[in-house]
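**Q**
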Amino acid sequence: MSGRFFGAAVTRVEDARLLTGTGHYVDDIELPGMLHAAFVRASFAHGRIRSIDKRDALAMPGVVAIYTMDDFADIAQGPMPPMAPHPLLKTPITYHPLSDTEVRHVGEAIAIVLADSRANAEDAAAAVILDVEYLPTVSDVALAHEANSPTAHSQHASNIAATMKAGFGDCARIFAKADHVLTEQFDIHRGGCHAMECRGVVANIDLLTDALTISTSSQSPYMVRRHLAAYLDRDENGIRVMTPDVGGGFGPKANVYAEEFAVALSTIKIRRPVKWIEDRQEHFVATTQQRGQIWSIDVAFDNNGRMRAIRGHCIHDNGAYAPYGLILPATAIASFPGPYALEALDLTVDVVLTNLVPTSPVRGACRPNVAFLLERLADRIARHLGMDRQDVRQRSFVKAEQMPYTTGLKARDGSPISYDSGDYTGALNLVLDKIAAKDFEARRKESKQRGKLRGLGIASCVEDTGIGPFEGASIRVTPAGKVIVATGASSQGQGHRTAFAQIAADALGVELEDVTVETADTAKFPLGISTIASRIAVTAGSSVQLAAHKVRAKAITFASHQLEVDEHDLELEGGAVRVKGIADMKIKLSEIARALAGSTGVPLPGNMEPDLAATAYFNSNALTFAYGANACEVEVDPETGDVRVVRYVVVHDCGKLINPLIVDGQIRGGVVHGIGNALFERMIYDEQGQPLTTTYGDYFLPMASEMPPIEIHHMETPSPRNPIGVKGAGEGGTIPAAACVISAVEDALGPNGPFIPVHPISPQQVVQWLKATR
Amino acid sequence: MKAPPFQYHRPQTREELGTLLSSLENAKILAGGQSLMPMMNLRVLAPDHLIDINRIPGLAGIRETPEGIEIGAMTRQADILSSDVVKARLPLLSRALEHVGHIQTRARGTIGGSCCHLDPSAEQPAMCAILDAEFIVTRPDGHRIVPASEWFEGLLQSALGEQEFLEAIRIKPWAKGHGYGFAEYARRHGDFAIAGGAALIEASKDGRITRAALLSFGIEASPRRLSDAEAALIDQPIGKLDLEPAVAAARALDAMEDVHVTPDYRRHLAGVLIRRALNEACTTLERQP
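Those protein sequence lines, which keep their order, are chains E and Y. For the first sequence, numbering that gives the first Met the number 0 begins at 0 and goes up steadily by one. For the second sequence, numbering that gives the first Met the number 0 begins at 0 and goes up steadily by one.
Put into structure tokens, the structure is as follows:
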């Protein structure tokens, strides 16, 4: 589909507000009598709290109350409900809102201090005295996986929380007769996520009705409401959760957090508004982190480079808890076989607990890990056989004519996973053409003259997007003729207000500025899931389209009665329904809305239902698969080991583009995320589980100064699986990026360099690798 | 990340400042605040008193004097970077300042603040060390001049006494047309460098080195002059320099370790960077006709 706005690179309606400092974030909320919270957090990774002495702290200036879990005994107790229960997790491994006695990672919240200012609350938090029995700590996931390891939870016999298995085909048979088999070990580092805005919550209680109102910097406001209602044993109707402007989510904010519960419990207890704003120090120790995994992989392939089967074992570092169940390791499994038409697959993932911050999906979830494995293996096979890297891929990829392609894996509901559409080889050929791969050796030579080693990297990916079941939307035309779109999909800066307005404006024949989009307020839209997994364009975008078409149909029916014209002869244009070809024979949407709002004693025409409004839920039953091929060039300084990405080219297909500007922004940001994973971001812990990189001086978030120009080319293969033909775009930039950069570094180090099965890599490692090649 | 409680003082004159310094215990001077304020907010530092010297007149500015170029302690890094005098006569300092933080931090950060804080990787104190700067210190009974060779007392430790404050830094420029070179390696632009090197040379008309200064920083707790290697450069012909003594001297330093890098890698970098700095100094040297 396309129209005046759908597909157009219109500038974002959000930007004027967000870029001029007039956005409204959680921390901008000020309420009369509001208290400020600071948490007493564990400075040790594993221990049992014998007692908490808060007497001195309570006497400090401005302090109003200090609560531990016991203080909430009259409200609620016990662990938080699991967000995503899984049959393999017999007992959910979730936080208590405040630690119940055993603390399992540095940063876990133990008590909450309420004071008249954040500074006073922090002073008092530092004065709370803990008597702790320290317990053996496990901070290395490989050690945690061993049978005789200390356990992250003292009551567990083992750190293996679950063992997940998946696969298809007859691996044993294919491995037995394949021309070649290689085994490689991979170590993919956990990192942080670091949205620009940290988390934050403001809770308030209505003293007359007891109703709770919560504003939270979250991707999942409806999950906060659902789980808080369950925990408090209240009706959802008595809890309103909303997300004001949110400064980035990228995954971690999809969790329902202990702090959200602790702040809500505090508000109920003290009957005053409470604000907690996470600072960056807390973010480093209390917000979920990325996908640390160790993989052992066997790959079977033919003499001609065709990848045939993979056997893999993964040790997955889940950190101290599993607030999001097994979603993250499950995504690793679901990311196979990527673009490769494997004949057989056999995967085992051990989900392991450590005394570290929990891990949960961060942009791409575990898809970047699997892209790293598969793309590194493709490069490895090429090197083993002395072939071109792209030839291995072209011989192994699913072909365009095989679409829809059933991979062999099963979705969560047991149905077979099938790729809907795409041309993986075409994307790879296009990206190689765009980066001018055939002239690369000349550029390598030119860099060499400047003392630099240049390398070319390639990586492809396939990404499941648009996971169901739904995000809904309602559309209402007000008597003033304005269009209000409400959806449960929360927004963290993606440009939803623009994209949804584009869809609605086209369907209703109005201008963009006539459309207002309201996102994620449980009082304004009844249901919502989460803004995660590149699903909102598919789910909410389709619902906006369906709802808009219902409203359009209703307006036409009304106009047909009023104008006495056949419905087929009517169209929506210029904020009115008009007769095709007769510009002044029309009726304005505002008039229809006013009429359908009803007047005493006046019947509605044709017995129509009142209100020029409609709600729709598009059921996203089948995943839709975006894909991409990336190529980049790096320059390595052989003396310092510095790696600089100098060119980066993306070919990406996320179906129909609602707004190319927004998609480009998503992809560009995603690539930067991936470059950070490949070269910069390293979250270091010592053996005692103490985090050692907890400021931006030590934790290297990538900065603009280190980023290459990123060139983006779109292929637009419409998805047949939703009414607007779109696929998700939020993670496609990140997924292949680390693989692509490492591929380029390996290429730069030359034929005598090592195979690189890790990231991030450091300049120090590069120097050592180069030394070994000499 | 809120600072623990402290008392804030804002003296308007040197006299008021002197009185505060002699009467207050556990006080810290606030200059540009680009290191001090984060350290307080992280609760790494908890001074009882913060003495803000931003309102004291005459502490900022760049002056040419017969004894050298005087840079007031409160001169912002951005102002030094944009100074034509510094560009023309202390080009190495200009070159190094491009690597100090970012536009935003340079607008606030001061040379005096950095030279009193003494991060091992900081470029400004390192440039003072290679340029043999003099630190003009005001004390209750007047002034004293501390040569750069005595300013660095250890990790984050300057020679400044409890009742003293840094007034200005005085640097004698090298001869017109001298060669200068600077090289550092940081993971991201504006980060504290893992290691750095700097070089200054003067040469005779026949192209032989007559004067040299070499320095490594970020390697040990304080920037380190490579004196033996400096001496070894004298009389060497530009273009056929033996760089090895400088590289060997840098590699022999007692390098620090941190969570990211080993001492070995830091020493390796020290060697690489001193060579680059020295090579650059040879190219920036204006050859006498």
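Backbone N, C-alpha and C define an ideal beta-carbon position, used for all residues, glycine too. This structure is a prediction, so every number in the text was calculated from the model and none was measured.
What residue from E/Ala503, E/Thr521, E/Ala532 and E/Ile528 has the CA that sits closest to histidine 548 of chain E's CA?
**A** Nearest to histidine 548 of chain E by alpha-carbon distance, out of E/Ala503, E/Thr521, E/Ala532 and E/Ile528, is E/Ala503.
**Q** Below 8 Å on the Cβ atoms is my contact criterion, and I expect lysine 274 of chain E with methionine 33 of chain E to pass it. Report the Cβ-Cβ distance as a whole number of Å.
**A** 6 Å
**Q** Looking at the unbroken beta strand (DSSP E) that takes in histidine 712 of chain E, where does it start and where does it end?
**A** 709 to 714
**Q** Does DSSP put methionine 317 of chain E in a helix, a strand or coil?
**A** Here residue 317 of chain E turns out to be asparagine, not methionine, going by the sequence shown. Asparagine 317 of chain E: strand per DSSP, three-state reduction.
**Q** How would you list, in chain order, the residues of chain E whose beta-carbon sits under 7 Å from the beta-carbon of valine 260 of chain Y?
**A** Gln763
**Q** Going by alpha carbons, who is nearest to alanine 458 of chain E out of E/Glu470, E/Gly600 and E/Val649?
**A** The residue with the shortest Cα to Cα distance from alanine 458 of chain E is E/Val649.
**Q** Where does methionine 195 of chain E land, buried or exposed, given buried means 16+ other C-beta within 10 angstroms?
**A** exposed
**Q** To the nearest angstrom, how far is it from the Cα of arginine 107 of chain Y to the Cα of glutamine 156 of chain Y?
**A** 22 Å
**Q** Going along the chain, which residues of the stretch 58 to 83 of chain E sit with their C-beta nearer than 8 Å to a C-beta in chain A?
**A** In the structure shown, chain A cannot be found, because the protein chains are E and Y.
**Q** For the stretch 171 to 198 of chain Y, which segments carrying the beta strand (DSSP E) assignment without a break, of at least 3 residues, lie completely within its bounds, in sequence order?
**A** 178 to 184
**Q** One question on the structure: do proline 322 of chain E and valine 348 of chain E come within less than 8 Å of each other, judged by their Cβ atoms?
**A** Contact: no.
**Q** List the residues of chain E that tyrosine 7 of chain Y touches, going by C-beta distances under 9 Å, in chain order.
**A** Chain E residues near tyrosine 7 of chain Y: none, gap ~13 Å exceeds 9 Å.
**Q** Give me the Cα-Cα distance between leucine 225 of chain Y and glutamate 285 of chain Y, rounded to the nearest whole angstrom.
**A** Between the C-alpha atoms of leucine 225 of chain Y and glutamate 285 of chain Y there is a straight-line separation of about 24 Å.
**Q** How about arginine 667 of chain E and glycine 732 of chain E: are their beta carbons less than 8 Å apart?
**A** Yes, the Cβ-Cβ distance between arginine 667 of chain E and glycine 732 of chain E is below 8 Å.
**Q** I'd like to know if leucine 35 of chain Y contacts chain E, where contact means its C-beta is closer than 8 Å to some C-beta of that chain.
**A** Answer no: the Cβ-Cβ gap between leucine 35 of chain Y and chain E never drops below 8 Å.
**Q** Count the other CB atoms within 10 Å of the CB of aspartate 663 of chain E; is the residue buried (16 or more) or exposed (fewer)?
**A** buried
**Q** Should glutamine 33 of chain Y go down as buried or exposed, given a rule of 16 or more other Cβ atoms within 10 Å for buried?
**A** In this structure glutamine 33 of chain Y is buried. Its beta-carbon is surrounded by 16 or more other beta-carbon atoms within 10 angstroms.
**Q** Can you name the residues of chain Y whose CB is closer than 9 Å to the CB of aspartate 641 of chain E?
**A** Tyr184 and Arg186
**Q** Just mark proline 236 of chain Y as buried or exposed, buried being the case when its beta carbon has 16 or more other beta carbons within 10 Å.
**A** exposed
**Q** Under three-state DSSP, which class holds glycine 456 of chain E?
**A** Correct three-state label for glycine 456 of chain E: strand.
**Q** CB alanine 788 of chain E to CB cysteine 739 of chain E, shorter than 8 Å?
**A** Residue 788 of chain E is absent from the model: chain E starts at 0 and stops at 773.
**Q** Find the residues of chain E that neighbour leucine 271 of chain Y, judging by a C-beta separation of less than 7 Å, and give them in chain order.
**A** The sequence as given places valine at residue 271 of chain Y; leucine does not occur at that position. Within chain E, the residues Glu638 and Thr639 have their CB atoms less than 7 Å from the CB of valine 271 of chain Y, given in chain order.
**Q** Run through DSSP, which three-state label would lysine 549 of chain E get?
**A** helix
**Q** Curious, which full-length alpha helix (DSSP H) runs of at least 4 residues does the stretch 204 to 271 of chain Y contain?
**A** Listed in chain order, they are 226 to 232 and 243 to 250.
**Q** Since alanine 485 of chain E sits in a beta bridge, which residues does DSSP pair it with?
**A** E/Ser473 and E/Glu517
**Q** Near isoleucine 586 of chain E, which residues of its chain fall below 7 Å by C-beta distance, leaving aside the five closest residues on each side in sequence?
**A** Ala558, Gln561, Leu562, Ala575 and Val576
**Q** What does a CB cutoff of less than 7 Å around arginine 593 of chain E pick up in its chain, not counting 5 residues either side in sequence?
**A** Taken in chain order, the residues that qualify are Pro478.
**Q** When the Cα of lysine 433 of chain E is compared with those of E/Gly494, E/Arg646, E/Ala737 and E/Pro415, which residue comes out closest?
**A** E/Arg646
**Q** According to the Cβ coordinates, are glycine 100 of chain Y and glycine 189 of chain Y closer than 8 Å?
**A** yes
**Q** I'd like to confirm the pairing. Which residues does DSSP put opposite arginine 577 of chain E in its beta bridges?
**A** DSSP lists E/Glu570 and E/Lys585 as partners of arginine 577 of chain E.
**Q** Three Cβ pairs or more, each shorter than 8 Å: is that satisfied between the stretch 75 to 84 of chain E and the stretch 4 to 21 of chain E?
**A** no
**Q** Alpha carbon to alpha carbon, what distance is there between glutamine 687 of chain E and glycine 178 of chain Y?
**A** 50 Å
**Q** Nearest to alanine 141 of chain E by CA position, among E/Glu277, E/Asn354 and E/Arg270, is which residue?
**A** E/Asn354
**Q** Does the stretch 206 to 224 of chain Y come into contact with the stretch 103 to 120 of chain Y, if we say contact requires no fewer than three beta-carbon pairs (one atom in each stretch) closer than 8 Å?
**A** yes
**Q** Given that isoleucine 683 of chain E touches chain Y, what residues does it touch there, using C-beta distances under 9 Å?
**A** Val258 and His259
**Q** Taking valine 131 of chain E as the reference, give the member of E/Lys579, E/Arg239, E/Asn721 and E/Arg49 with the closest Cα.
**A** Just measuring C-alpha positions, the residue of E/Lys579, E/Arg239, E/Asn721 and E/Arg49 sitting nearest valine 131 of chain E is E/Arg49.
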